[in-house]
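Q: Quick one: the structure is below, and I'll ask about it shortly.
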Amino acid sequence: MRCALRGLTRGVRLARYFVKGLWRTRRFAQLDEAVRLEQARAWLGGAAPLLGVQVRVHGLDRLSDLPPGGSLWLPNHVSWLDIPLLGGLCDGTVFLAKSEIRRWPVIGRLAKLSGTEFIERGRGSEAASEAVASGLQHGRQIVVFAEGTTTDGHMVRRFHARLLGPAVQMERPVVPIALRYFDSEGQRTTAPAFIGNEKLWPSLWRVLSSEGLEAHIDVLEPIYPKSDDTRSEIARRAHHAVAARIATPGHSDTD
């Protein structure tokens, strides 16, 4: 009963927030791009508390210490929840995301208006690579879920290297990021996991009704590609860094 009441209370608050978000998107397209990205970040960052998620970020200074210009972020992918968490970290963050996200309430519209490049299933990666290159040239922080799918958060699938080409060629920083979710007892939880053909609403309800859910975002040591590096090598190095942190038990944030 308490779990259901918690979920309903949060759901009502989130619905109000979504309505405000929808109202905001009515004039989104008329705004300057920089303002649009800033407002999208603020909206995404404000969603976590309403969902009942406490966010802990480790290594945030590594983002502020990056050289001016664009960077490529390579996080592991567990849930739809990854998107507002990562999108709320800093201005100028845009995603390469599967086309289904375009249809998600509010988040899909905000993602589209803030510059997200949606990837259709079964299509080649040339357009996506061009989008990465363009974003980097314009100083954006490009988020690529290089696993190509989600997991339950206990392991990291191989990082596909095909979208790393522009960052390697332009010698832009590649930032591995580890996402971990914990329950109220400090144990790893799969509650936010959004896997396979599951619908959005059951996954959303698990998050809304969870008690003491924590999201840990570990910004790991950036990788600076050199001219003789290959995209496969950079992908392996990023994967190794993320997988090592995912394998770390408990709340450790030791670098």
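Going left to right, the sequence shown walks through residues 3 to 257 as the working numbering numbers them. Note that the Cβ used here is the ideal one computed from N, Cα and C, for glycine as well.
Among the candidates 160, 191, 216 and 219, whose CA atom is the shortest distance from the CA of residue 235?
A: Counting from 1 along the sequence shown, the entry for residue 235 is found at position 233. Residue 235 has its Cα closest to that of 160, out of 160, 191, 216 and 219.
Q: Kindly give me the distance between the Cβ atoms of residue 224 and residue 177, rounded to whole angstroms, as I take these residues to be in contact under 8 Å.
A: Mapped onto the sequence shown, residue 224 falls at position 222. Mapped onto the sequence shown, residue 177 falls at position 175. So it is a contact: roughly 5 Å between Cβ atoms.
Q: Threshold first: 3 residues or longer. Then list the beta strand (DSSP E) segments lying entirely within the region 21-56, N to C.
A: none
Q: Identify every run of the alpha helix (DSSP H) within the region 57-142, keeping only runs that are complete inside it and at least 4 residues long; order them along the chain.
A: 63-66, 84-89, 109-115 and 128-139
Q: Report all residues from its chain with a CB closer than 8 Å to the CB of residue 99; omit the five preceding and five following residues, and keep chain order.
A: As a working note, residue 99 is residue 97 in the sequence shown. Cβ neighbours of residue 99 within its own chain (closer than 8 Å, five residues either side excluded): 85, 113, 118, 119, 120, 121 and 147.
Q: Under DSSP, the alpha helix (DSSP H) around residue 206 begins and ends at which residues?
A: As a first step, residue 206 is located in the sequence shown; it is residue number 204 there, counting from the start. For residue 206, the uninterrupted alpha helix (DSSP H) segment begins and ends at 202-211.
Q: Alpha carbon to alpha carbon, how far is residue 202 from residue 230?
A: The residue labelled residue 202 in the question sits at position 200 within the sequence shown. The residue labelled residue 230 in the question sits at position 228 within the sequence shown. Their Cα atoms are separated by approximately 42 Å.
Q: For the candidate residues 226, 238 and 210, whose alpha-carbon lies nearest to that of residue 7?
A: Locating residue 7 in the sequence shown gives position 5, counting from the first residue. For the residues 226, 238 and 210, the minimum Cα distance to residue 7 belongs to 210.
Q: What separation, rounded to the nearest whole angstrom, lies between the Cα atoms of residue 19 and residue 228?
A: As a first step, residue 19 must be located in the sequence shown, where it is residue number 17. As a first step, residue 228 must be located in the sequence shown, where it is residue number 226. Cα to Cα, the separation comes out at about 44 Å.
Q: In the DSSP assignment, find the beta strand (DSSP E) that holds residue 216 and state where it starts and stops.
A: For the purposes of this step, residue 216 is identified with residue 214 of the sequence shown, where counting begins at 1. Residue 216 -> beta strand (DSSP E) spans 215-221.
Q: Is the CB-CB distance between residue 174 and residue 74 below 8 Å?
A: Taking the first residue of the sequence shown as 1, we reach residue 174 at position 172. Taking the first residue of the sequence shown as 1, we reach residue 74 at position 72. A contact, by the Cβ cut-off of 8 Å.
Q: What's the call for residue 65, buried or exposed, on a 16-neighbour Cβ count within 10 Å?
A: Working through the sequence shown from its first residue, we reach residue 65 at position 63. That one is buried.
Q: Using DSSP's beta-bridge definition, name the partner residues of residue 176.
A: Position 174 of the sequence shown, counted from the first residue, corresponds to residue 176. Answer is 74 and 225.
Q: Between residue 199 and residue 140, what straight-line distance do the alpha-carbon atoms span, to the nearest angstrom?
A: Position 197 of the sequence shown, counted from the start, is the residue given in the question as residue 199. Position 138 of the sequence shown, counted from the start, is the residue given in the question as residue 140. Going from the Cα of residue 199 to the Cα of residue 140 covers about 35 Å.
Q: Could you give the DSSP three-state label for residue 197: helix, strand or coil?
A: Translated into positions along the sequence shown, residue 197 becomes position 195. Three-state result, residue 197: coil.
Q: Following the continuous alpha helix (DSSP H) through residue 158, name the residue where it begins and the one where it ends.
A: For the purposes of this step, residue 158 is taken as residue 156 along the sequence shown, with counting starting at 1. Looking at the DSSP string, residue 158 is not in any alpha helix (DSSP H), and its letter there is neither H nor E.
Q: Per the contact definition of three or more C-beta pairs closer than 8 Å, is the region 87-101 in contact with the region 37-45?
A: yes
Q: Given a threshold of 16 other Cβ atoms within 10 Å of its Cβ, counted over all protein chains shown, does residue 130 qualify as buried or as exposed?
A: The residue labelled residue 130 in the question sits at position 128 within the sequence shown. Its Cβ being crowded by 16 or more others within 10 Å, residue 130 is buried.
Q: What does the Cβ neighbour count give for residue 2, buried or exposed, with the cut at 16 atoms within 10 Å?
A: In this structure the chain extends from 3 to 257, so residue 2 is not present and cannot be described.
Q: Could you spell out where the alpha helix (DSSP H) holding residue 187 opens and where it closes?
A: The residue you call residue 187 lines up with position 185 of the sequence shown. Per DSSP, residue 187 belongs to no alpha helix (DSSP H) and is neither H nor E.
Q: Less than 8 Å between the CB atoms is what I'm expecting for residue 246 and residue 80, so what's the real figure, rounded?
A: As a working note, residue 246 is residue 244 in the sequence shown. As a working note, residue 80 is residue 78 in the sequence shown. No, residue 246 and residue 80 are not in contact; Cβ-Cβ is about 17 Å, not under 8 Å.
Q: Excluding five sequence neighbours on each side, which residues of the same chain lie with their C-beta closer than 6 Å to the C-beta of residue 179?
A: Along the sequence shown, one-based indexing puts residue 179 at 177. Result list for residue 179: 75, 77 and 221, in chain order.
Q: Check whether the Cβ atoms of residue 214 and residue 182 sit closer than 8 Å, and answer yes or no.
A: To locate residue 214, count along the sequence shown from 1; it is residue 212. To locate residue 182, count along the sequence shown from 1; it is residue 180. Their beta carbons are not under 8 Å apart, which means residue 214 does not touch residue 182 by this criterion.
Q: Note down the Cα distance separating residue 82 from residue 232, rounded to an integer number of angstroms.
A: For this step, residue 82 is matched to residue 80 along the sequence shown. For this step, residue 232 is matched to residue 230 along the sequence shown. Approximately 30 Å, taken between the alpha carbons.
Q: Select from 144, 35, 244 and 52 the residue whose C-alpha is nearest the C-alpha of residue 10.
A: Taking the sequence shown and counting its residues from 1, the one referred to as residue 10 is at position 8. Among 144, 35, 244 and 52, the Cα nearest to that of residue 10 is on 52.
Q: Based on the DSSP output, what are the partners of residue 181 in its beta bridges?
A: Against the sequence shown, residue 181 aligns to sequence position 179. Residue 181 pairs with 219.
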